[in-house]
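Enquirer: With the first letter of the sequence shown counted as 1, position 172 gets the number 195 in the working numbering; the numbers rise by one all the way through.
One structure, as structure tokens, below. Some questions next.
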Amino acid sequence: MGEFDLDDAQLNDIFSGQVMGSVPLHAPEDEPTIVLVAAQPGAGKTRTLEQVRQSHDGAYAVEGDALRRFHPGYAGLMRREPLRMPDATAQAAGRWVEMTLALMREHKNSVMLETTMRHPQAVERTLGEFRQAGYRTEAIIVATPSELSLMGTMARYISQAEQQGEGRWVDPAAHDEAVAQMPRTLAEQISRGNIDHVSVTNRAGERLYDADINTQNRDETIAAASKAISQGQRFESITPDQQQQWDRDVKHVRAFISAHPESQDVRSLADRIIASGQSAIQSRQVDDLIGLTHTTSINDGIDYGRSPTRKPNIQHQHNKDTEIER
Numbered sequence: 024m025g026e027f028d029l030d031d032a033q034l035n036d037i038f039s040g041q042v043m044g045s046v047p048l049h050a051p052e053d054e055p056t057i058v059l060v061a062a063q064p065g066a067g068k069t070r071t072l073e074q075v076r077q078s079h080d081g082a083y084a085v086e087g088d089a090l091r092r093f094h095p096g097y098a099g100l101m102r103r104e105p106l107r108m109p110d111a112t113a114q115a116a117g118r119w120v121e122m123t124l125a126l127m128r129e130h131k132n133s134v135m136l137e138t139t140m141r142h143p144q145a146v147e148r149t150l151g152e153f154r155q156a157g158y159r160t161e162a163i164i165v166a167t168p169s170e171l172s173l174m175g176t177m178a179r180y181i182s183q184a185e186q187q188g189e190g191r192w193v194d195p196a197a198h199d200e201a202v203a204q205m206p207r208t209l210a211e212q213i214s215r216g217n218i219d220h221v222s223v224t225n226r227a228g229e230r231l232y233d234a235d236i237n238t239q240n241r242d243e244t245i246a247a248a249s250k251a252i253s254q255g256q257r258f259e260s261i262t263p264d265q266q267q268q269w270d271r272d273v274k275h276v277r278a279f280i281s282a283h284p285e286s287q288d289v290r291s292l293a294d295r296i297i298a299s300g301q302s303a304i305q306s307r308q309v310d311d312l313i314g315l316t317h318t319t320s321i322n323d324g325i326d327y328g329r330s331p332t333r334k335p336n337i338q339h340q341h342n343k344d345t346e347i348e349r
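As structure tokens, then:
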């Protein structure tokens, strides 16, 4: 066991004494639903969860991050080592997610669950457990360009490093694996009859595809959903607002690299992301000149010498795969 891992007795006592009281259970539903909101890290699942809350009245979002506060070491970690907290509480939060899902099934209440779909067997197990309990199963895919999601994780890391001297570093390989695996996992689960409805949205929340699934249209649905995911993941399809945020993030990243040349992981990933984004932007400028609101190079006007407020002693907190994947 890890330093902050809890044994079964502790996990059960805290769940029954504290966690259960935070779950807003209600009367059993005649047709309960589980909604999987799927995307790679940094893709923008939070907006989609809020939309699901509005469209699925009474659905409860089971979020591992919200359960970390019940860990007995949480307060001390947040005071002394806040960036260590996610890894330290991952074991307990994961178990409490499992227990909460079981509680929701027992009471036939609708539930929302974030996932990367990176672990196909875990996804299939979750869907199977809920289908066996009489649930309708839905999947909402947030199709986001990998450049945007990686940039989002990097911008968060840099902000934490500037403010606290270290940041949570998302492994790019795990991110890329999620991008590649998600469409495959979705296709497998549709083909096996484990998903009743699928929707694909882009990062801006626009619906790209939506369909009920039956035995006759599974192949058609897989093809159409895969096409919509590819469309949403194209960097050339980003909105003007997303383009402007991208430019701001690029400036921030470039300034950080200039001030901290020792951060080779950041430099290497930034070079990869920005080069890919530049190529897509240039392609869009050539192919579609109508309606563009931003045509300058993302490198124009960047102050490479700007330093953050204080120069931190940069350390990586390499993030474990703390996402709960049932």
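Idealized CB from N, CA, C, for every residue including glycine.
Because the structure is a prediction, the values reported are computed rather than measured.
#1: For M24 and Q114, what's the separation of their Cα atoms in angstroms?
#2: Determine whether the beta carbon atoms of T362 and I213 lie at a separation below 8 Å.
#3: Closer than 8 Å by C-beta to G228: which residues in its own chain qualify, once you throw out the five before and the five after it? Chain order, please.
#4: Examine the Cβ distances between the region 117–135 and the region 85–96 and report whether three or more of them are shorter than 8 Å.
#5: In the DSSP assignment, find the beta strand (DSSP E) that holds V193 and state where it starts and stops.
#6: If you follow the beta strand (DSSP E) that D80 is in, where does it begin and where does it stop?
#7: Does the separation of the CB atoms of G175 and A184 fall below 8 Å?
#8: From P95 to D30, what does the alpha carbon distance come to, in whole angstroms?
#9: Note down, in chain order, each residue of its chain lying with its Cβ closer than 6 Å to the Cβ of D235, except the 5 sequence neighbours on either side.
#10: Out of D270, V165, D199, D264, which has the shortest C-alpha to C-alpha gap to A251?
#11: Nearest by alpha-carbon distance to S78: which of L231, R179, T56 is it?
#12: Buried or exposed: D272, going by 16 or more other Cβ atoms within 10 Å of its Cβ?
#13: With a threshold of 8 Å, are at least 3 pairs of Cβ atoms found where one atom belongs to the region 281–291 and the other to the region 148–161?
#14: Are T167 and A66 closer than 8 Å when you measure CB to CB?
#15: Specify, as a first and last residue, the run of the alpha helix (DSSP H) that N35 falls within.
#16: What are the boundary residues of the alpha helix (DSSP H) that I280 is part of?
#17: Please report the residue range of the beta strand (DSSP E) in which L59 lies.
#18: Put I1 into one of helix, strand or coil per three-state DSSP.
#19: To the nearest angstrom, how far is the alpha carbon of A298 from that of F279?
#20: For D235, which residues does DSSP report across the bridge?
#21: Rounded to whole angstroms, what's the CA-CA distance from Y232 to I163? Just pull it up for me.
#22: Looking at the structure shown, is V46 part of a helix, part of a strand, or coil, going by DSSP?
#23: Return helix, strand or coil for M135, following the three-state DSSP convention.
#24: Hey, how far is the Cα of S249 from the Cα of P195?
#25: Give me the Cα-Cα distance between Q204 and M108, rounded to the nearest whole angstrom.
#26: Mind checking whether V46 and F93 have CB atoms under 8 Å apart?
#27: How long is the line joining the alpha carbons of G99 and N35, rounded to whole angstroms?
#28: State the start and end residues of the unbroken alpha helix (DSSP H) segment that holds T123.
#29: According to DSSP, is A251 part of a helix, a strand, or is it coil?
#30: Please name the residue or residues paired with A162 in a DSSP beta bridge.
Expert: In this structure, then:
#1: Counting from one through the sequence shown, the residue named residue 24 turns up at place 1. Counting from one through the sequence shown, the residue named residue 114 turns up at place 91. Roughly 10 Å separates the two Cα atoms.
#2: Limits of the chain in this structure are 24 at one end and 349 at the other, which puts residue 362 out of reach.
#3: Along the sequence shown, one-based indexing puts residue 228 at 205. Closer than 8 Å at the Cβ level, and outside the excluded window around G228, lie R70, T71, Q74.
#4: The region 117–135, when compared against the region 85–96, does touch it at the 8 Å Cβ threshold.
#5: Working through the sequence shown from its first residue, we reach residue 193 at position 170. Boundaries cannot be given for V193, as no beta strand (DSSP E) includes it and DSSP labels it neither H nor E.
#6: Here residue 80 is taken as the residue at index 57 of the sequence shown, counted from 1. Unbroken run through D80: none, as it is neither H nor E.
#7: Sequence index remark: in the sequence shown, residue 175 carries index 152 (1-based). Sequence index remark: in the sequence shown, residue 184 carries index 161 (1-based). Cβ atoms of G175 and A184: not closer than 8 Å.
#8: By one-based count along the sequence shown, residue 95 stands at place 72. By one-based count along the sequence shown, residue 30 stands at place 7. Approximately 12 Å, taken between the alpha carbons.
#9: Counting from 1 along the sequence shown, the entry for residue 235 is found at position 212. Excluding sequence neighbours, D235 sits near H220.
#10: Residue mapping note: residue 251 aligns to position 228 of the sequence shown, counting from 1. That would be V165, whose Cα lies nearest to the Cα of A251.
#11: What you label residue 78 is simply residue 55 of the sequence shown in a count that begins at 1. The residue with the shortest Cα to Cα distance from S78 is T56.
#12: The sequence position of residue 272 within the sequence shown is 249, counting from 1. By the 10 Å Cβ count, D272 comes out buried.
#13: no
#14: Position 144 of the sequence shown, counted from the first residue, corresponds to residue 167. Position 43 of the sequence shown, counted from the first residue, corresponds to residue 66. In contact: T167 and A66 (Cβ atoms closer than 8 Å).
#15: Numbered from its first residue, the sequence shown carries residue 35 at position 12. Where N35 is concerned, the enclosing alpha helix (DSSP H) stretches over 31–37.
#16: Within the sequence shown, the letter at position 257 stands for residue 280. Looking at the DSSP string, the run of the alpha helix (DSSP H) that includes I280 is 263–282.
#17: In the sequence shown, counting from the first residue as 1, residue 59 sits at position 36. Per DSSP, L59 belongs to the beta strand (DSSP E) from 56–61.
#18: The chain is shown only over 24 to 349; residue 1 falls outside these bounds and no answer can be derived.
#19: Here residue 298 refers to the residue found at position 275 when the sequence shown is read from its first residue. Here residue 279 refers to the residue found at position 256 when the sequence shown is read from its first residue. Computed Cα separation, rounded: 17 Å.
#20: Your numbering for residue 235 matches position 212 in the sequence shown. According to DSSP, D235 bridges with H220.
#21: Translated into the one-based positions of the sequence shown, residue 232 becomes position 209. Translated into the one-based positions of the sequence shown, residue 163 becomes position 140. Taking the straight line from one Cα to the other gives about 10 Å.
#22: Position 23 of the sequence shown, counting from 1, holds the residue named residue 46. If DSSP states are grouped into helix, strand and coil, V46 belongs with coil.
#23: Counting from one through the sequence shown, the residue named residue 135 turns up at place 112. Residue state, collapsed to three classes: strand.
#24: Your numbering for residue 249 matches position 226 in the sequence shown. Your numbering for residue 195 matches position 172 in the sequence shown. Approximately 23 Å between the Cα atoms of the pair.
#25: Here residue 204 refers to the residue found at position 181 when the sequence shown is read from its first residue. Here residue 108 refers to the residue found at position 85 when the sequence shown is read from its first residue. C-alpha separation (whole angstroms): 28 Å.
#26: As a first step, residue 46 is located in the sequence shown; it is residue number 23 there, counting from the start. As a first step, residue 93 is located in the sequence shown; it is residue number 70 there, counting from the start. No, they are not a contact pair.
#27: Residue mapping note: residue 99 aligns to position 76 of the sequence shown, counting from 1. Residue mapping note: residue 35 aligns to position 12 of the sequence shown, counting from 1. Cα to Cα, the separation comes out at about 21 Å.
#28: Residue numbering aside, residue 123 sits at position 100 when the sequence shown is read from its first letter. Its alpha helix (DSSP H) spans residues 108–130.
#29: For this step, residue 251 is matched to residue 228 along the sequence shown. In this structure, A251 counts as helix in the three-state DSSP scheme.
#30: Here the question's residue 162 lines up with position 139 in the sequence shown. DSSP, once it has assigned bridges, lists L59, V221 as partnering A162.
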